[in-house]
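**Student:**
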Amino acid sequence: MKDILDEIDRLRINRDWTEYELAKRSGLPQSTISGWYRNRQTPTIQSLEKICKGFGITLSQFLDEGDAPISLTAEQREMLDHWSALADEQKKVILELLKRMGKLPENWKSGTEPNPYPVIKNNG
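The opening position of the sequence shown corresponds to residue 6 in my numbering, with each subsequent residue numbered one higher.
#1: With distance defined between alpha-carbon atoms, name the residue in E24, L16, R30 nearest to Y42.
#2: Would you tell me roughly how many angstroms separate the C-alpha atoms of L53 and G59, rounded to the nearest one?
#3: Is K55 buried or exposed, if buried means 16 or more other CB atoms sit within 10 Å of its CB?
#4: Tell me whether R45 is buried or exposed, calling it buried when 16 or more other Cβ atoms sit within 10 Å of its Cβ.
#5: Just the C-alpha distance for N19 and A92, rounded to the nearest angstrom, thanks.
#6: Hey, how far is the Cα of E26 from the Cα of P34?
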């Protein structure tokens, strides 16, 4: 069985997120998240569901051991369909864009800050 905190760390680090960023995206207090690590406590199911929502994955995907088929949302399937049609160079560009978008300041996402990436439309 996976170590829950190690898996949260793996997903967070893969996205270049701090604990603060994870807290914002999941709606949990940062003190709660840091307390799990400080005390080596396992999050409750309710907290884990919020963490998964912040990561944009299902609880089932989070808990998956890798030997079972992965269940994807309709949105994830659509993205994979588009992804598979891209050339390798296009995939590199999109991957870099996604990494940068994950680091966009919250002010920009809400429309109160200038757009640092003109090719990305701001909903504000």
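Just so you know, even glycine gets a beta-carbon here, dropped at the ideal spot from N, CA and C.
**Tutor:** So, to answer that:
#1: E24
#2: 10 Å
#3: buried
#4: exposed
#5: 23 Å
#6: 11 Å
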